[in-house]
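If you read the protein sequences in the order shown, they are chains E and W.
If you want our numbering, it's the position in the first sequence, counting the first as 1, plus 111.
If you want our numbering, it's the position in the second sequence, counting the first as 1, plus 446.
For every residue, glycine included, the Cβ atom is placed at its ideal position computed from N, Cα and C.
This structure is a prediction, so every number in the text was calculated from the model and none was measured.
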Amino acid sequence: MNNPRPSDLNEAQWQAVCHEGSHLMIVAGPGTGKTHTLTHRIVRILGGHVPNSKNEFGTCPHLLAITFTNKAAQEMRKRLEAKVPQLWKHVTVGTFHRFALSLLREFSEHTPLPNNFQIALPEDIQGFLEEIFPHKTSAQRKETVEEISLLKSTQLVIDANEDYQRYHRFLHSRGLIDFDDILRETLLLLENEDVAAVIRQRYPYIFVDEYQDINIVQNALLKCLVGGLGQPMYGRTDGSPLLTAIGDPNQSIYGFRGSQVKLFHRFQEDFPGTTVMQLNENYRSTVNLLTASTQIISVGAYCNTPLHAEMIDEGRLVIHEAATDRAEAEYIAHQIELLVGGVSMFSQDSNRVETYRQAHRSFGDMAILYRLNAQKNVVMEALEHLGIPYAVSAKGKIKGVETQNFASLQQDQKDEIFLQQFEETIDYNVEKVSLLTLHAAKGLEFPVVFIVGCEAKLLPLDFNDMKGDPQEERRLFYVGMTRAKEHLYLTRAGRRQLFGQTFFNPPSMFLADIEEDLKAYENSKLRRRLSKSKEAEKQQLKLF
Amino acid sequence: MKFYADLHVHSKYSRATAKDLDLEHLYLWAQYKGIHLVGTGDDVHPVWMKELQEKLEPAQEGLFKLKDKYAKPMDTYVPKACRAPVRFMLTVEISNIYKRMDKVRKVHNLIWSPSFEAAQKVQAKLGAIGNIKSDGRPILGLDSRDLLEIVLEADPQNIFVPAHIWTPWFSALGSMGGFDRMEDCFADLTKHVYAVETGLSSDPLMNWRLKQLDPFILVSNSDAHSPSKLGREANIFDTEFSYSAIYKALADTKDKGLVGTIEFFPQEGKYHYDGHRLCQVRWHPRQTKENNGLCTGCGKPVTVGVMARVEELADRPEDEKSKRHRPYWNTVPLPEVIGEAKEVGPASKAVQEAYMNMLTQIGNEFYILLDAPLDQIRRSAGEVTAEGIARMRKGEVKIAAGYDGEYGTVEIFKHGEREKIEKQLALF
């Protein structure tokens with residue numbers, strides 16, 4: 112372990128990579144190189160850092176790496192493949208659900224499930240609801256299903272009511288389980304100590320990314336995989352696996368799905384003997400953008416260790432107020448046109464574009480983020496009007512699979528389709544501007560980010576019957592801001608049409624938490640207002 | 447047979463184009479201009495594609511004609527002297543905007559297809575990766591090289607031509623959005639590019655200065671955004687009137703099917719010189735150098751035009767020709783010549799009347815500009831216009847070069863000269 116630190120790791124990252132002998136929790140803010148550090152650590156443990164050397168296991172150990180999304184899993188596999196082409200197959204990389212499903216398939220004889228159980232997709236379930244709950248209205252049905260799902264991801268022991276039982280009886284009668292059941296059935300499976308022992312033996316090291324977003328069932332699963340179930344345990348002297356978790360409590364944004372940020376803070380209790388480390392050097396955002404996002408999160412933050420910006424350049428933080436949502440969208444489309452340096456001869460000829468500015472952005476560099484999917488339509492219209500290519504994140508679908516062929520697919524292909532269906536991703540073949548919800552933007556980064564609708568009611572969400580937890584909404588806004596590397600536009604509309612209603616929303620309360628000096632206003636009215644108030648200040652000063 | 451072809455035009459479904467840019471008006475104006483083969487433009491646009499399928503029918507191999515029921519009503523507007531068959535070829539221009547080698551590249555490319563099936567394959571492939579519905583010349587975040595691959599995969603007989611390769615903002619070799627070498631742009635597939643389009647701001651003479659362009663034959667088209675702009679530049683073929691003969695004329699370096707091109711005076715193009723339009727700074731590249739490239743009006747870098755860019759990349763003396771060189775003829779659009787003669791704007795009523803009059807009495811515009819006897823022109827349009835055409839044919843025109851998106855302005859007659867010419871005539 113006396114190898115010199117590679118140049119692509121800083122000291123804190125290197126320590127995290129080399130840590131041995133206990134569970135490890137790495138607290139890592141946005142842009143601090145989470146995946147990078149985790150990948151290096153995996154490679155090191157694989158023995159890949161010294162070619163042809165044998166590690167302590169004599170052979171290459173099998174590792175389990177759990178990511179939050181399938182996309183993150185792909186990214187990690189790609190990085191591992193590049194770094195250790197001979198060894199990366201020793202790492203099982205996947206989401207909790209993917210890994211759990213593979214266990215259920217492998218040990219199906221130890222489960223009460225039918226041999227070739229299938230997973231019910233949300234749309235399948237929608238179709239069943241009328242049959243399951245014939246006396247409910249469709250709104251009630253939807254609510255019931257949401258309640259059941261939340262129950263299954265927030266409670267280990269469920270006090271099953273009539274609806275819950277009816278729902279599950281129905282699924283069982285058809286040999287189906289739902290998405291949440293994948294984890295719960297696996298948890299039951301791992302209560303079988305023989306099975307659990309086999310799996311613990313198989314994966315001496317377990318890695319979990321985005322720990323701030325795990326729920327209580329996933330937490331319980333991890334405890335089973337590590338063994339000891341709350342028993343004190345030091346090192347792996349008893350042969351039980353070692354866990355490395357990485358995450359950022361300030362980016363916990365999936366409370367509505369049952370994620371509990373308190374699990375993050377309970378980590379040392381759940382996994383005694385844990386060493387905690389922090390990564391604080393941010394390599395993503397320019398210094399002023401980082402300062403602004405820090406000001407947002409430091410109001411009621413879980414973790415107050417400030418991030419240190421490694422990007423010393425000045426970025427651009429622009430606040431823009433438009434009269435309407437349409438004007439806001441047109442402003443964004445025009446900004447994109449400017450950043451690309453014009454998209455048509457027309458934009459050159461009419462001097463729409465400042466021709467002196469050497470264009471250095473392309474469409475793939477930019478993302479437009481919004482709180483609610485309903486906000487995107489007016490943005491899409493404005494982009495289309497200028498012919499700007501864009502891609503909207505959508506639930507994944509496996510390409511080239513016709514539904515009628517579905518039955519003939521191999522089980523693992525079917526599983527793949529099910530798993531992909533639960534995730535919002537963007538399919539990139541060509542460069543496009545990304546349109547994403549703030550939630551879907553998690554884990555991504557872009558040189559230029561627009562957050563639209565920085566207005567009361569939307570950020571934090573408090574809109575009709577939709578109400579987000581204010582602290583979680585703040586973290587969500589923080590996640591959005593920290594996606595930006597160099598340009599961040601926070602835009603809003605004085606008047607907005609949404610769900611057929613018209614709203615006149617004041618600015619989001621979050622905007623006030625960013626200090627004025629960091630903001631550039633691109634709006635004549637505001638500028639005037641500001642310069643007037645500055646003028647007034649000067650006048651007042653003169654009086655004294 | 448000898449035929450004139452203009453294979454870069456747009457439809458009304460492209461941005462900033464004329465509302466009457468439809469097949470009927472292309473059919474009409476092609477005859478006014480003397481063009482036998484005209485591109486459909488925009489053939490991946492779904493609505494335009496439908497219209498093409500509805501209104502066109504197969505004619506010569508790979509070429510199409512406007513169905514009689516659509517052509518007939520237009521024929522009444524065509525003077526007898528101009529009437530000639532018009533054929534269409536399936537074409538489209540794509541705007542590729544993407545990052546390559548750490549720079550944003552903006553390159554326009556032309557795709558010509560031998561059949562509706564081939565064009566629809568391209569359409570389907572592009573439709574799957576981008577938005578082809580909101581602009582007849584779609585913007586795709588796709589690498590030019592990858593577009594070329596898609597085009598060749600769709601049908602190996604598709605022809606791929608980098609458009610107006612010198613335009614600063616949107617071209618393969620442009621100073622702002624382009625590359626220094628064609629190989630950098632098209633990489634391993636460069637050999638599947640047979641022809642490049644010179645654009646209005648450059649003529650073959652300028653393009654011959656680059657050895658790297660030797661493998662390509664030079665083509666010229668109008669890039670018309672309205673029917674009346676058809677034929678500003680065009681290609682002259684003398685071969686079988688079919689798609690495969692055109693393909694061979696471009697792809698086969700020994701084929702002599704492409705006999706020459708009709709060109710703008712390059713100074714007339716929008717980006718010949720350097721400068722800033724808003725600051726009214728119009729510079730010869732030499733002046734740009736003297737000012738270190740910075741505008742004396744606003745202090746920011748000037749838009750570097752085609753002349754400077756060619757000079758920057760040139761590696762051959764001015765008096766040598768490329769191997770695949772063809773003769774070319776510089777022309778000034780007839781309405782401009784008439785306008786110059788009459789000292790009125792080219793769009794004025796007087797010019798329009800004189801223009802139609804000449805088409806009726808003499809024949810189509812290309813014939814008038816290139817071949818018609820001066821006597822005949824004199825009889826129809828008067829001494830000054832005839833003298834204007836004579837001077838244009840000899841290249842004796844003065845042009846204030848275009849710059850930073852502003853067209854160059856043509857001056858054929860000096861102040862007071864027109865009266866002198868009229869008077870001379872009166873003496874006889």
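Does the CB of residue i have a neighbour CB from chain W at under 8 Å?
{"i": "E:K334", "result": "no"}
{"i": "E:F207", "result": "no"}
{"i": "E:I509", "result": "Note that E:I509 scores 48 on pLDDT, short of 50, meaning its location in the model is unreliable; the coordinates nonetheless yield the value given after this. It does not: the Cβ of E:I509 has no partner Cβ on chain W nearer than 8 Å."}
{"i": "E:E448", "result": "no"}
{"i": "E:F474", "result": "yes"}
{"i": "E:T466", "result": "Confidence in E:T466 is poor, its pLDDT being 43 and thus under 50, which makes the residue's placement too unreliable to answer from."}
{"i": "E:G384", "result": "no"}
{"i": "E:V503", "result": "no"}
{"i": "E:H471", "result": "yes"}
{"i": "E:E513", "result": "Confidence at E:E513 is low in this model, with a pLDDT of 48, below 50, so the placement of that residue is unreliable and no value is reported for it."}
{"i": "E:D460", "result": "Low confidence applies to E:D460: its pLDDT is 47, below 50, so where it sits in the model is not reliable, and the reading given next is rough at best. Interface residue, yes."}
By alpha-carbon positions, which one of the options ends up nearest to residue i?
{"i": "W:C631", "options": "W:Q477, W:I784, W:R546 and W:N681", "result": "W:R546"}
{"i": "W:N776", "options": "W:A697, W:F710, W:F606 and W:E786", "result": "W:F710"}
{"i": "E:F561", "options": "E:R427, E:I479, E:V138 and E:E241", "result": "E:I479"}
{"i": "W:A847", "options": "W:Q477, W:G721, W:I557 and W:F625", "result": "W:G721"}
{"i": "E:D628", "options": "E:N399, E:V489, E:G554 and E:H550", "result": "E:N399"}
{"i": "E:F318", "options": "E:S504, E:V559 and E:H173", "result": "E:H173"}
{"i": "W:Q726", "options": "W:K501, W:A680, W:A564 and W:G854", "result": "W:G854"}
{"i": "W:Y473", "options": "W:A451, W:Y459 and W:T463", "result": "W:A451"}
{"i": "W:V493", "options": "W:Y459, W:G841, W:A517 and W:D589", "result": "W:Y459"}
{"i": "E:F378", "options": "E:A127, E:A184, E:L135 and E:L622", "result": "E:L135"}
{"i": "W:N604", "options": "W:T613, W:L659, W:S690 and W:L656", "result": "W:S690"}
Count the other C-beta atoms from every protein chain shown that fall within 10 angstroms of the C-beta of residue i, then say buried if there are 16 or more, exposed otherwise.
{"i": "W:D488", "result": "buried"}
{"i": "W:K716", "result": "buried"}
{"i": "W:C744", "result": "exposed"}
{"i": "W:V607", "result": "buried"}
{"i": "E:T248", "result": "exposed"}
{"i": "E:V410", "result": "exposed"}
{"i": "W:T522", "result": "exposed"}
{"i": "W:K479", "result": "buried"}
{"i": "E:Q446", "result": "buried"}
{"i": "W:E833", "result": "buried"}
{"i": "W:R825", "result": "exposed"}
Against chain E, does residue i count as a neighbour if the rule is that its beta carbon must be under 8 Å from one of theirs?
{"i": "W:G854", "result": "no"}
{"i": "W:P584", "result": "yes"}
{"i": "W:W612", "result": "no"}
{"i": "W:K545", "result": "yes"}
{"i": "W:D684", "result": "no"}
{"i": "W:W729", "result": "no"}
{"i": "W:G587", "result": "yes"}
{"i": "W:W615", "result": "yes"}
{"i": "W:N577", "result": "yes"}
{"i": "W:D452", "result": "no"}
{"i": "W:D720", "result": "no"}
{"i": "W:D581", "result": "yes"}
Assuming residue i contacts residue j under a Cβ cut-off of 8 Å, what Cβ separation, rounded to an integer in Å, is found between them?
{"i": "E:Y275", "j": "E:I293", "result": "With a Cβ gap of about 17 Å, E:Y275 and E:I293 do not count as contacting."}
{"i": "W:V639", "j": "W:F616", "result": "With 8 Å as the limit, W:V639 and W:F616 do not qualify as a contact, their Cβ atoms being about 17 Å apart."}
{"i": "W:I430", "j": "W:V783", "result": "The displayed coordinates of chain W run from 447 to 874. Any statement about residue 430 of chain W would go beyond what the structure contains."}
{"i": "W:E503", "j": "W:K496", "result": "Contact flag wrong, Cβ pair sits at about 15 Å."}
{"i": "W:T749", "j": "W:D850", "result": "4 Å"}
{"i": "W:H718", "j": "W:G751", "result": "5 Å"}
{"i": "W:I543", "j": "E:V451", "result": "6 Å"}
{"i": "W:H671", "j": "W:H456", "result": "6 Å"}
With 8 Å set as the bound, which would you pick, yes or no: does the beta-carbon of residue i sit closer than that to a beta-carbon of chain C?
{"i": "E:I499", "result": "Chain labels in this structure do not include chain C; the protein chains are E and W."}
Determine which residues of the segment 532-566 of chain E have a Cβ less than 7 Å from any Cβ of chain W, and write them out in chain order.
-> Listed by position along the chain: N540, V541, E542 and K543.
Pull out every residue of the segment 456-490 of chain W whose Cβ sits closer than 8 Å to any Cβ of chain E, in chain order.
-> Under the 8 Å Cβ criterion, the segment 456-490 of chain W contributes R461 and A462.
Could you list the residues in the segment 647-662 of chain W with a C-beta less than 9 Å from some C-beta on chain E, going in chain order?
-> Listed in sequence order: no entries.
Name the residues in the segment 685-698 of chain W whose C-beta lies less than 8 Å from a C-beta of chain E; which are they?
-> When C-beta distances to chain E are compared with 8 Å, every residue of the segment 685-698 of chain W stays at or above that value.
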